[in-house]
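Participant: Here the protein sequences line up with chains C and B, keeping their order. Residue numbers for the first sequence follow the working numbering, so the first one is 1 and each next one is one higher. Residue numbers for the second sequence follow the working numbering, so the first one is 1001 and each next one is one higher.
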Amino acid sequence: MAVKKFMYVNRKAPYGSIYALESLEVVLIGAAFDQDVSLAFIGDGVYELTKGQNTEAIGQKNFSPTYSALGDYDVNKIYVEKESLEERGLTLDDLQHLVWEDEDDDWAEKDSIRLVSRAELADVMAEQDICLSF
Amino acid sequence: MTLLHTVNKSPFESNTFDTCLGYAKDGSTVLLIEDGVYAATTGTSAAEKIKNASGVTFAVLGPDLQARGLEGKLADGIKVVDYEGFVNLVAEHDSVQSWL
């Protein structure tokens, strides 16, 4: 099977709607097919990655710890749009530190999150075979 | 007549918050719930608008803020309430306008 470039575009905040969780589920299912996967977090999608989420009091499942498992599924190209973070008063420090282990580099731990400008992300998006939007 | 307004949408995703502000008269309260809590975080244009809206009381639902990991980002001048506090606000006002 030919490898295709998949990009999952995340634009919704978590918990207010089901989009964020559904996207994560689809990414994890898709990871089984050994494709070239990228995730993009744009607009309110950047809120999906905030650290310290605690959903105990709202009675919903806190799915944010699952993002840290993506590296184990070879999902390690996670693009976060700089303009979206800034507009929301956030920096990378407000997000989870997501890493993956590079087996070609003696399992060195490397950052999964790539902070990119809108223009840079537009270039990455244009290279994809398939974009799935959530 | 005092009104309690609730907003449950992100200020970045819809104009619900802005519309609500346009209708919030002096003496009324705006309670931010669900994705509405993002308007209560520092460094956003929404937080600036809250700062400039004198005469209106702003509150945010703590459980929704905690769920989103943004407790430490709460802007000044916004009161945090729990579910009991939500009920008290409803009881203290003459009616409730739930902006959707």
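Just so it is clear, CB atoms sit at the ideal spot from N, CA and C, and this is done for glycine as well.
#1: Mind checking the segment 1005 to 1038 of chain B against chain C and listing, in chain order, the residues whose C-beta falls within less than 8 Å of any C-beta there?
#2: Please determine if the segment 99 to 107 of chain C and the segment 121 to 134 of chain C are in contact, where contact requires at least 3 C-beta pairs separated by less than 8 Å.
#3: For the segment 9 to 43 of chain C, which residues have a beta carbon sitting closer than 9 Å to at least one beta carbon of chain B?
#4: Count the other CB atoms within 10 Å of the CB of Leu1032(B); is the residue buried (16 or more) or exposed (fewer)?
#5: Give the secondary structure of Lys4(C) by DSSP, where H, G and I count as helix, E and B as strand, and everything else as coil.
#6: Using C-beta distances below 8 Å, list every residue in its chain close to Asn54(C), excluding the 5 sequence neighbours before and after it, in chain order.
#7: Give the range of the alpha helix (DSSP H) segment to which Asp1018(B) is assigned.
#8: Count the other CB atoms, across all protein chains shown, that sit within 10 Å of the CB of Gly1027(B); report buried if there are 16 or more and exposed otherwise.
#9: Looking at the C-beta of Arg118(C), does it have a partner C-beta in chain B at a distance below 8 Å?
#10: Write down the C-beta distance between Leu1061(B) and Leu1074(B) rounded to the nearest angstrom, noting that I regard them as a contact closer than 8 Å.
#11: Identify which residue in Val46(C), Tyr15(C) and Ser23(C) has its Cα closest to the Cα of Gln96(C).
#12: Alpha carbon to alpha carbon, how far is Ser84(C) from Ala40(C)?
#13: Taking 8 Å as the threshold (C-beta atoms), are Tyr73(C) and Leu121(C) in contact?
#14: Under 7 Å between beta-carbons, which chain B residues line up against Thr50(C)? List them in chain order, please.
Facilitator: Short version:
#1: Taking 8 Å as the Cβ-Cβ cut-off against chain C, the residues of the segment 1005 to 1038 of chain B that qualify are Asn1008, Lys1009, Ser1010, Phe1012, Glu1013, Glu1034, Asp1035 and Tyr1038.
#2: These segments do not touch.
#3: Residues Arg11, Lys12, Ala13, Pro14, Tyr15, Gly16, Ser17 and Gly43.
#4: With a threshold of 16 other beta carbon atoms within 10 Å, Leu1032(B) meets it and is buried.
#5: The answer is coil: DSSP assigns Lys4(C) none of H, G, I, E or B.
#6: Counting only residues of its own chain and dropping the five nearest sequence neighbours on each side, Asn54(C) has a CB closer than 8 Å to the CB of Asn62.
#7: From DSSP, the alpha helix (DSSP H) with Asp1018(B) extends over Thr1016 to Tyr1023.
#8: Taking all protein chains shown into account, Gly1027(B) has fewer than 16 neighbouring C-beta atoms within 10 Å of its C-beta and is therefore exposed.
#9: Not one beta carbon of chain B lies nearer than 8 Å to the beta carbon of Arg118(C).
#10: In this structure, Leu1061(B) and Leu1074(B) do not form a Cβ contact; the two beta carbons are roughly 12 Å apart against a cut-off of 8 Å.
#11: Measuring C-alpha to C-alpha distances from Gln96(C) to each of Val46(C), Tyr15(C) and Ser23(C) identifies Val46(C) as the nearest.
#12: Straight-line Cα distance between these residues: approximately 11 Å.
#13: Tyr73(C) is positioned such that its CB atom lies no closer than 8 Å to that of Leu121(C).
#14: Within chain B, the residues near Thr50(C) are Arg1068, Gly1069 and Leu1070.
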